[in-house]
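Letter by letter, the sequence shown follows residues 47 to 342 of this note's numbering.
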Amino acid sequence: MEITHSSENSAKIKLISAMIAFGTIGIFVRYIPLSSTMIALIRGIVGTVFLIFITLLQKTRISASAIKKNLPALCLSGAFIGINWILLFEAYRYTTVAAATLCYYLAPIFVIVASPFFLKETLTLKKILCVLGALIGMVLISGVVQNKGIHLSEMKGIFFGTGAALFYASVILLNKKIKDISAYDKTIMQLASASVVLLPYALLTENFEAISLTPSAVILLLVVGILHTGICYTLYFGSMRYLKAQTVAIFSYIDPVVAIILSAVILHEKMDLLSILGAVMILGSTLISELQLSRK
């Protein structure tokens with residue numbers, strides 16, 4: 047397929063739009079008066095329905111044979127996505143949106159650490175340095191150095207954010223094992239699997255009769271399900287076929303930058319100098335680890 051200049055520019059606009067929207071999800075979740083489990087469940091259901099609607103609108107056939115071939119990995123990765131959402135949303139509640147997002151962006155670092163065992167990839171000096179840089183950055187944003195200790199609530203947030211990164215890293219590794227399936231089919235199955243896993247857990251742990259939703263909460267939930275899941279995934283996967291991997295890697299860092307800015311402007315969550323340094327170390331380390339630098 048020949049990629050024209052106009053299609054590449056259009057793909058960049060789609061990707062940038064998706065990353066900006068992803069960066070706002072923490073703000074929306076903060077104002078939804080539901081548990082992290084319920085938000086994750088509704089997000090999965092609404093996102094799945096929306097993507098199925100998109101495939102029907104585009105008259106795209108879902109490949110049953112491709113899904114059957116990859117079914118175990120799709121279901122497991124979908125379950126991990128559901129758990130990942132719960133942990134990330136919990137992180138938003140216990141720590142700042144900026145700190146939770148930065149912990150979440152440790153996922154590529156965890157992939158690097160696991161790659162020699164699961165992908166048989168060599169752990170180079172550059173990757174080792176990136177891992178160390180990101181870990182130092184996580185210590186700095188946690189507040190341990192600045193405060194000579196850390197509040198229990200803040201520690202919970204850091205723990206949940208890091209746990210979300212671990213599960214998302216597992217999804218990344220599993221996705222490398224999923225072959226010969228379209229991005230839409232894969233995403234629909236993963237979101238549906240996440241919903242299937244979350245539903246019995248929600249039924250066992252949530253009191254559905256006590257849930258009372260205001261019109262504003264319903265709107266926020268629909269935004270998280272339709273915009274942050276359905277539309278963003280559509281834009282994200284629709285753009286990837288026209289862009290180089292390095293371009294996607296670079297633009298993906300719009301997400302945490304937007305999250306950090308909005309957490310300061312809207313939620314008034316301030317970062318001190320060491321926290322900013324930690325943010326730079328985490329994002330810089332993960333970005334460098336993903337890029338293949340050419341020699342001239």
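Cβ coordinates follow ideal geometry from the N, Cα and C atoms, glycine included.
No experiment lies behind these values; they were computed from the predicted model shown.
Comparing alpha-carbon positions, which option in A256, L148, N55 and F96 lies nearest Y279?
The shortest C-alpha separation from Y279 is found at F96.
With a floor of 4 residues, list each alpha helix (DSSP H) that falls wholly inside the region 132-203, ordered by position along the chain.
Runs found: 143-150, 153-164, 171-188 and 190-193.
Return the CA-CA distance between Y299 and L308, expressed in angstroms with no decimal places.
Cα atoms of Y299 and L308: separation of roughly 14 Å, rounded to the nearest angstrom.
Classify I296 as helix, strand or coil using the three-state DSSP reduction.
When DSSP states are grouped into helix, strand and coil, I296 belongs to the helix group.
Could you round the C-beta distance between S216 and F126 to whole angstroms and report it? I think they count as a contact, below 8 Å.
Contact flag correct, Cβ pair sits at about 5 Å.
Tell me the rounded alpha-carbon separation between L323 and F99.
Rounded to the nearest whole angstrom, the CA to CA distance from L323 to F99 is 43 Å.
If you draw a straight line from the alpha carbon of Q236 to that of I296, how long is it in whole angstroms?
Taking the straight line joining both Cα atoms gives about 25 Å.
Are the CB atoms of A325 and G179 within a distance shorter than 8 Å?
No; because the gap between Cβ atoms is not below 8 Å, this pair is not in contact.
Using three-state DSSP, classify S228 as helix, strand or coil.
The three-state secondary structure of S228, taken from DSSP, is coil.
Check whether the region 238-258 touches the region 75-91, taking contact to mean three or more Cβ pairs, one atom from each stretch, closer than 8 Å.
Contact between the region 238-258 and the region 75-91 is present, because at least three Cβ pairs lie under 8 Å.
Proximity to C121 [Cα-Cα], best of T233, K173 and C149
Minimum Cα distance to C121 is reached at T233.
Would you mind stating whether C149 and G72 have Cβ atoms separated by less than 8 Å?
Result no, Cβ atoms of C149 and G72 do not sit closer than 8 Å.
Within 8 Å, strictly: CB atoms of A229 and G90:
Result no, Cβ atoms of A229 and G90 do not sit closer than 8 Å.
In whole angstroms, what separates the C-alpha of M327 from that of V185?
Across the structure, M327 and V185 are spaced so that their CA atoms are roughly 10 Å apart.
How far does the alpha helix (DSSP H) with F283 in it reach, from first residue to last?
Per DSSP, F283 belongs to the alpha helix (DSSP H) from C278 to M286.
Grab the span of the alpha helix (DSSP H) containing M317 for me, first residue to last.
Careful: M317 lies outside any alpha helix (DSSP H) and carries neither H nor E.
Local conformation of L337 per DSSP, three classes:
Correct three-state label for L337: coil.
Reducing DSSP to helix, strand and coil, say where G69 ends up.
Residue state for G69 is assigned as coil, using DSSP reduced to three classes.
Which residue wins for smallest C-alpha separation from G330, given the options M317, V264, I155 and K166?
Out of M317, V264, I155 and K166, I155 has the C-alpha closest to the C-alpha of G330.
I'd like the list of long-range same chain contacts for F74, defined as Cβ closer than 8 Å, with 5 residues on each side in sequence excluded.
The beta carbon of F74 is closer than 8 Å to those of L266, V269, V270 and H274 in its chain, skipping five residues each way along the sequence.
Measuring straight from C-alpha to C-alpha, what distance separates V157 and I218?
Straight through space, the alpha carbons of I218 and V157 are spaced by roughly 7 Å.
Can you name, in chain order, every residue of its own chain whose Cβ lies under 7 Å from the Cβ of G209, other than the five neighbours on each side?
The residues are L133.
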